[in-house]
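Sequential numbering of the sequence shown, starting at 451, is according to this note's numbering.
By construction, the Cβ of each residue, glycine as well, lies at the ideal position given by its N, Cα and C atoms.
Just so we're clear, the structure is a prediction, and the values are computed from it rather than from any experiment.
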Amino acid sequence: MIQPVTFSPIENALAAIRRGEMLIVVDDEDRENEGDLVMAADRVTPEAINFMARHGRGLICAPIAAERAAELALELMVTDNTALHETAFTVSIDAKRGTTTGISTADRAATIRALVDPDTRPYDLARPGHVFPLRAKNGGVLRRAGHTEAAVDLARMAGLAPVAVLCEVVDDDGTMARLPRLLDIAREHGIRIITIEDLIQYRRLKEKLVVRLAETSLPTAFGDFRLILYGTTINDEHHLALVKGDVSGRQNVLTRVHSSCFTGDVLQSLRCDCGSQLAQALRQVDEEGKGVVLYMHQEGRGIGLVNKLKAYMLQDQGLD
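Structure, rendered in structure tokens:
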């Protein structure tokens with residue numbers, strides 16, 4: 451009796467990527483709701499490209515880390531991306547050496563391997579061509595839950611170059627293959643299948659996403675604190691912690707999470723009570739003798755200063 455195919459654990463999927471195997475990667479049904487064949491560019495062969503062309507039937511692309519795309523001067527195909535999910539196509543390419551017309555499976559495999567080769571320079575790639583690089587966002591699936599980022603994350607997490615190959619899976623009738631049809635295809639060809647959601651959860655569980663960048667003493671009107679600057683590996687945002695006393699390993703530490711508010715905290719605006727809340731939190735922590743005030747870079751609860759001021763303009767016009 452044939453056992454049903456279930457989603458593969460991410461650890462097993464990474465081992466398969468290292469061995470040069472393909473995966474089927476499925477995104478959320480509320481997004482593209484599609485499955486892509488994915489493998490590491492480090493392991494690509496003409497046979498793998500042929501398999502994708504025959505059994506995937508979609509567009510064969512090469513997801514690539516943003517920093518590697520920059521090294522190879524792979525500019526975005528358009529400056530104003532109006533695609534539904536903003537897939538970051540770069541200019542298409544062919545390898546100048548070791549290829550003929552560029553379209554054969556051998557030629558496309560050679561071009562994709564050139565993206566991985568550390569000796570490849572921008573002038574080694576002809577533009578346009580038959581391979582379509584896709585520039586992944588820094589932070590991977592934690593920034594954008596797309597197949598591009600998933601493919602690059604899988605290659606990187608497998609210890610390989612952050613370049614991959616993918617191809618959408620099109621069904622026999624020409625429509626996009628969806629679940630549960632993708633499970634049948636995975637079973638038929640012995641391919642592991644994973645979800646981007648599982649990859650997101652795996653990264654959140656396994657990776658250290660917050661890093662300490664700087665620390666200094668900060669005397670304030672409310673007492674002396676340690677000011678610690680934190681960043682994340684996902685984006686360029688920074689957050690602050692004002693710490694009083696030794697809170698390491700302690701439970702029930704007095705803590706305030708405060709969203710930054712330029713108008714309230716700095717300008718003492720009376721449109722909100724953010725400034726007074728921050729002052730009260732610092733005063734209470736100082737009186738307690740230990741505690742933390744987390745100052746989060748979330749101006750206007752995340753909408754930003756520009757949009758917050760526009761909201762104030764609407765309030766001035768009598769709108770709520």
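According to DSSP, is Gln453 helix, strand or coil? Model confidence at Gln453 stands at a pLDDT of 49, short of 50, so the residue's coordinates are unreliable; what they give is reported in the following sentence. Gln453: coil per DSSP, three-state reduction.
Quick one: using the 10 Å Cβ neighbour count with 16 as the cut-off for buried, is Arg493 buried or exposed? buried
Pro583 and Ile543 look like a contact to me (Cβ under 8 angstroms); what is the Cβ gap, rounded to whole Å? With a beta-carbon spacing of about 7 angstroms, Pro583 and Ile543 fall inside the 8 angstroms limit used to define contacts.
DSSP three-state call for Gly552: helix, strand or coil? coil
Have a look at Leu526 and Arg504 and give me their C-alpha separation to the nearest angstrom. 28 angstroms
Alpha carbon to alpha carbon, what distance is there between Leu632 and Gly647? Checking the sequence shown, residue 647 turns out to be Glu, not Gly. Taking the straight line from one Cα to the other gives about 16 angstroms.
Can you give me the Cβ contacts of Ala668 inside the same chain, cut-off strictly under 6 angstroms, excluding the 5 residues immediately before and after it? Sequence check: residue 668 is Leu here, not Ala. Cβ neighbours of Leu668 beyond the five flanking positions: Phe675, Leu677.
What does a CB cutoff of less than 6 angstroms around Gly673 pick up in its chain, not counting 5 residues either side in sequence? Asp736
Let's see if you can read the secondary structure: which residues bound the alpha helix (DSSP H) around Gly725? 724-738
Taking buried to mean at least 16 other C-beta atoms within 10 Å of its own C-beta, is Gly652 buried or exposed? Correcting the residue type first, residue 652 is Tyr in the shown sequence and not Gly. Buried is the call here.
So, at 7 angstroms on beta carbons, what are the nonlocal neighbours of Ala611 in its own chain, with the 5 sequence-adjacent residues on each side left out? Counting only Cβ-Cβ distances below 7 angstroms, and skipping sequence neighbours, we find Ala491, Asp492, Val566, Ala605.
Suppose you measure from the CA of Asn757 to the CA of Arg571; what does that come to, to the nearest Å? Each residue's Cα considered, the two are about 42 angstroms apart.
Would you call the region 547-555 and the region 529-539 touching, i.e. three or more CB-CB distances under 8 angstroms? no
Closer than 7 angstroms by C-beta to Gly750: which residues in its own chain qualify, once you throw out the five before and the five after it? Chain order, please. Excluding positions up to five away in sequence, the list reads Asn757, Lys758.
Given a cut-off of 8 angstroms, decide if Arg700 and Thr713 are closer than it, judged by their beta-carbon atoms. no
Using C-beta distances below 8 angstroms, list every residue in its chain close to Ala576, excluding the 5 sequence neighbours before and after it, in chain order. So the qualifying residues of the chain are Ile543, Asp544, Ala545, Lys546, Gly552.
Within its chain, find whatever has a CB closer than 8 angstroms to the CB of Asp696; leave out the 5 residues flanking it on each side and keep chain order. Non-local beta-carbon contacts of Asp696 in its own chain, meaning distances under 8 angstroms to residues more than five positions away in sequence, involve Lys740 in chain order.
Which residues mark the beginning and the end of the beta strand (DSSP E) in which Ile543 is found? 543-545
Do you know how far the Cα of Gly640 is from the Cα of Gln453? Legend: pLDDT at Gln453 = 49, less than 50; position of this residue unreliable, no value from coordinates given.
Anticipated Cβ contact below 8 angstroms, Leu487 with Ile499, distance rounded: Wrong, their Cβ atoms sit about 10 angstroms apart, outside the cutoff.
Can you give me the Cβ contacts of Phe457 inside the same chain, cut-off strictly under 7 angstroms, excluding the 5 residues immediately before and after it? So the list reads Ile643, Ile644, Thr645, Asp648, once near-sequence residues are dropped.
Local conformation of Val566 per DSSP, three classes: helix
Grouping DSSP H, G and I as helix and E and B as strand, with all else coil, what is Val406? Since the first residue shown for the chain is 451 and the last is 770, residue 406 is missing from the structure and cannot be characterised.
Are Gly754 and Ala627 close, meaning C-beta to C-beta below 8 angstroms? no
Specify the secondary structure class of Arg577 as computed by DSSP and reduced to three states. strand
What's the call for Val592, buried or exposed, on a 16-neighbour Cβ count within 10 Å? Note that residue 592 corresponds to Leu in the displayed sequence, not to Val. Answer is buried; the Cβ neighbour count reaches 16.
With DSSP collapsed to three states, give me the class of Gly752. coil
Measure the C-alpha to C-alpha separation of Met489 and Met502 and round it to an integer number of angstroms. 10 angstroms
Taking the alpha-carbon of Lys694 as reference, which of Gln765, Asp530, Leu704 has the nearest alpha-carbon? Leu704
Take the Cβ of Thr598 as the centre, count every other Cβ of all protein chains shown within 10 Å, and call the residue buried at 16 or more, exposed below. buried
Whole-angstrom C-beta distance between His708 and Ile745, which should lie under 8 angstroms: Residue identity check: residue 745 is Tyr in the sequence provided, not Ile. Contact flag correct, Cβ pair sits at about 5 angstroms.
Label Leu524 either buried or exposed according to how many other C-beta atoms from any shown protein chain fall within 10 Å of its C-beta, with 16 as the threshold for buried. buried
Have a look at Gln767, Asp569, Glu618 and flag the residue whose alpha-carbon is nearest the alpha-carbon of Arg507. Glu618
When you compare the CB positions of Leu629 and Val476, do they come within less than 8 angstroms of one another, or not? yes
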